[in-house]
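Trainee:
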Amino acid sequence: MKISQVIEEIKNLRHVTVRENIRDTVKFGDPEQECTGIALTCCATVDVIKQAAAQGCNFIIGHESAFWGDEFDPDQEFGGDEILAKKRGLLEENGIVLWRYHDYMHGGGGKPGTVSVSENIDYIFYGLMKMLEWEPYVVGDKKKPLLYEIPETTVEALCEELTRKLGLGGLRIVGSTTGKVSRIYVCEHVMGRFDAQIIRKAADCDVLIPLEIVDWTASAYVRDAVQCGKVKTILEMGHFNTEEAGMKYMAEWLPTVLTEEVPVHFIQSGDSFSYYVR
577 MKISQVIEEI
587 KNLRHVTVRE
597 NIRDTVKFGD
607 PEQECTGIAL
617 TCCATVDVIK
627 QAAAQGCNFI
637 IGHESAFWGD
647 EFDPDQEFGG
657 DEILAKKRGL
667 LEENGIVLWR
677 YHDYMHGGGG
687 KPGTVSVSEN
697 IDYIFYGLMK
707 MLEWEPYVVG
717 DKKKPLLYEI
727 PETTVEALCE
737 ELTRKLGLGG
747 LRIVGSTTGK
757 VSRIYVCEHV
767 MGRFDAQIIR
777 KAADCDVLIP
787 LEIVDWTASA
797 YVRDAVQCGK
807 VKTILEMGHF
817 NTEEAGMKYM
827 AEWLPTVLTE
837 EVPVHFIQSG
847 DSFSYYVR
């Protein structure tokens, strides 16, 4: 089975209109070669590439950019960079094809000219739900599960559950570090531009789990809420750490949809953070 055939079979799973000239494209290598194995990861780091090669995989499917950005040509931005050259050299040396699976994986929802979120499962957030075993607790649409009502627990116990199930060394807390919580909102990107709607949702939730946060919007609201006597918490694991669960879940469903049997491996790109606590 050629790598190009694997790509087409994944893309043909459902109708999604995406900007294939930007994200969901082959980023390196010749996809017309036979596929010896597939490595799934959130980000194809240097270590992931080495592990993929050691496991006999010549095809890496990464959700996020392997070359440190989104809508640009790495040769224009980083041409001549030593790390870019070494990373590409490692891919070439091992005959590895790199494909980014981003907009297709999210289901194409929320972007101009695409189908709506409700028509397609968002495999990233659906995968997070599966890895956390929170399916019974979803409030609203299970195709893109973001809001949960879990059995009442403590902030400490929730931190332990998240880090254990997602294989992380820790997480960052804004707001309450103790207290009982149950209503949880996975609020996606908190980057300052459209955060008012997240703050409005936060008023009805105990815990926010963002992909990333800035200090001056939702974080500031949560701190004020705590100083007003509320139990309210942001648990931030980082963008890649949060979305990696979707790639792990892909290792479960991908073999069932390919027309030929190909070895499939999930390779965690690793906890994005180390921690120093004074």
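Heads up: the sequence shown begins at 577 in this note's numbering, then just goes up one per residue. For glycine and all other residues, C-beta sits at the position ideal for the given N, C-alpha and C.
Could you name each continuous beta strand (DSSP E) segment of 3 residues or more that falls completely within the segment 673-743, going from the start of the chain to the end?
Mentor: Counting whole runs of 3 or more residues, the segment 673-743 contains the beta strand (DSSP E) stretches 673-676, 723-730.
Trainee: May I ask you to verify whether the segment 742-749 touches the segment 772-784, counting CB pairs closer than 8 Å and requiring at least 3?
Mentor: At 8 Å Cβ cutoff, the stretches do not touch.
Trainee: Can you tell me where the alpha helix (DSSP H) with T818 in it begins and where it stops?
Mentor: Taking the sequence shown and counting its residues from 1, the one referred to as residue 818 is at position 242. That run of the alpha helix (DSSP H) goes 815-833.
Trainee: Compute the Euclidean distance between the alpha carbons of Y851 and Q844, then round it to the nearest angstrom.
Mentor: Taking the sequence shown and counting its residues from 1, the one referred to as residue 851 is at position 275. Taking the sequence shown and counting its residues from 1, the one referred to as residue 844 is at position 268. C-alpha separation (whole angstroms): 19 Å.
Trainee: Is the beta carbon of G683 closer than 8 Å to that of G822?
Mentor: The sequence position of residue 822 within the sequence shown is 246, counting from 1. The sequence position of residue 683 within the sequence shown is 107, counting from 1. For G822 and G683, no; Cβs fall outside 8 Å.
Trainee: If the criterion is Cβ atoms closer than 8 Å, does the pair L787 and Y761 meet it?
Mentor: The residue you call residue 787 lines up with position 211 of the sequence shown. The residue you call residue 761 lines up with position 185 of the sequence shown. Contact flag unset, no.
Trainee: Looking only at its own chain, which residues have a Cβ that is under 6 Å from the Cβ of G763, when we skip the five neighbours before and after it?
Mentor: Taking the first residue of the sequence shown as position 1, residue 763 is located at position 187. For clarity, residue 763 is Cys in the given sequence; the question names Gly instead. Closer than 6 Å at the Cβ level, and outside the excluded window around C763, lie I774, L784, P786.
Trainee: Identify whether A615 lies in helix, strand or coil by the three-state DSSP scheme.
Mentor: Taking the sequence shown and counting its residues from 1, one reaches residue 615 at position 39. In the structure shown, A615 sits in a strand (DSSP, three-state: E or B).
Trainee: Per the DSSP calculation, Y761 is bridged to which residue(s)?
Mentor: Here residue 761 refers to the residue found at position 185 of the sequence shown. For Y761, which the question treats as bridged, DSSP gives the partners L723, L784.
Trainee: Based on the DSSP output, what are the partners of I749 in its beta bridges?
Mentor: For the purposes of this step, residue 749 is identified with residue 173 of the sequence shown, where counting begins at 1. DSSP, once it has assigned bridges, lists L811 as partnering I749.
Trainee: Kindly list the residues whose CB is nearer than 7 Å to the CB of M705, restricted to its own chain and excluding five residues on each side of it in sequence; keep chain order.
Mentor: Indexing the sequence shown from 1 puts residue 705 at position 129. E711, V714, P721, listed in sequence order.
Trainee: If we count the other Cβ atoms within 10 Å of its Cβ and call it buried at 16 or more, is F648 buried or exposed?
Mentor: Within the sequence shown, residue 648 is the residue found at index 72, counting from 1. Under this definition F648 is an exposed residue.
Trainee: Report back the beta-carbon spacing between V622 and K663 to the nearest angstrom; my notes put them in contact at under 8 Å.
Mentor: By 1-based counting over the sequence shown, the position of residue 622 is 46. By 1-based counting over the sequence shown, the position of residue 663 is 87. 6 Å between Cβ atoms; contact.
Trainee: Check whether the segment 821-836 and the segment 801-811 touch, using three or more Cβ-Cβ pairs below 8 Å as the test.
Mentor: Cβ pair count under 8 Å is below three, so no.
Trainee: Excluding the five sequence neighbours on either side, which residues of its own chain have a C-beta within less than 6 Å of the C-beta of D572, listed in chain order?
Mentor: No answer is possible for residue 572: it lies beyond the span of the chain, which begins at 577 and ends at 854.
Trainee: Below 7 Å CB to CB, which residues in the same chain sit around M767 once its five sequence neighbours on both sides are set aside?
Mentor: As a first step, residue 767 must be located in the sequence shown, where it is residue number 191. So the qualifying residues of the chain are E788, V790.
Trainee: Whole-angstrom Cβ separation of H841 and G605, contact assumed at under 8 Å?
Mentor: For the purposes of this step, residue 841 is taken as the residue at position 265 of the sequence shown. For the purposes of this step, residue 605 is taken as the residue at position 29 of the sequence shown. About 17 Å; that fails the 8 Å criterion.
Trainee: Would E658 and G645 be called neighbours here (beta carbons separated by less than 8 Å)?
Mentor: Working through the sequence shown from its first residue, we reach residue 658 at position 82. Working through the sequence shown from its first residue, we reach residue 645 at position 69. No, these two residues do not count as a Cβ contact at 8 Å.
Trainee: Pull the bridge partners of I636 from the DSSP assignment, please.
Mentor: Numbered from 1 along the sequence shown, position 60 holds the residue referred to as residue 636. Its beta-bridge partners are A615, L674.
Trainee: For E836, count neighbouring C-beta atoms within 10 Å of its own C-beta (all shown protein chains included) and say buried if the count is 16 or more, exposed if not.
Mentor: Taking the first residue of the sequence shown as 1, we reach residue 836 at position 260. E836 comes out exposed.
Trainee: Under 8 Å, do E608 and S580 count as touching if we go by C-beta distance?
Mentor: Position 32 of the sequence shown, counted from the first residue, corresponds to residue 608. Position 4 of the sequence shown, counted from the first residue, corresponds to residue 580. Against a cut-off of 8 Å, the Cβ pair of S580 and E608 comes out as a contact.
Trainee: Buried or exposed: V592, going by 16 or more other Cβ atoms within 10 Å of its Cβ?
Mentor: The residue labelled residue 592 in the question sits at position 16 within the sequence shown. Under this definition V592 is a buried residue.
Trainee: Please report how far the alpha carbon of G805 lies from the alpha carbon of D717, in whole angstroms.
Mentor: Taking the sequence shown and counting its residues from 1, one reaches residue 805 at position 229. Taking the sequence shown and counting its residues from 1, one reaches residue 717 at position 141. Each residue's Cα considered, the two are about 31 Å apart.
Trainee: With DSSP as the reference, please indicate the residues paired to H841 in a beta bridge.
Mentor: Start at 1 with the first residue of the sequence shown, and residue 841 comes out as number 265. A615.
Trainee: By Cβ distance below 7 Å, which residues in the same chain neighbour C735 in space, the five residues on each side in sequence not counted?
Mentor: Taking the sequence shown and counting its residues from 1, one reaches residue 735 at position 159. Excluding positions up to five away in sequence, the list reads L747, L811.
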